[in-house]
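Per the numbering used here, residue 1365 is the first one in the sequence shown, and the count goes up by one each step.
Ideal Cβ placement from N, Cα and C applies to all residues, glycine included.
Following: one structure in structure tokens, then a few remarks.
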Amino acid sequence: MSEQIIPEMCNGCGWAGKTLCRIIKDPGWFFRHRGACFAKVTSERMREIEKEIHKKMKEKEGSR
């Protein structure tokens, strides 16, 4: 298993770090078997998703 980003598939993805994918644990598998990644998003959409997750977590903590 390799967490290394795949330039042909990962470039421009908001989840991709400088050398590692932050979401998919084996991006190479997706590239070899699917050619595209289902989790690829723009950096703007990534920030929206992270805000939504943070909001949900705060709501959950407040309901305890």
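His1418 has its alpha-carbon roughly 24 Å from the corresponding atom of Cys1401. When rounded, the separation of the alpha-carbon atoms in Glu1414 and Met1421 is 11 Å.
DSSP, read as helix, strand or coil, puts Cys1374 in helix. Between Phe1395 and Met1373 a beta carbon distance of about 5 Å is seen, short of the 8 Å cut, so the two are scored as contacting.
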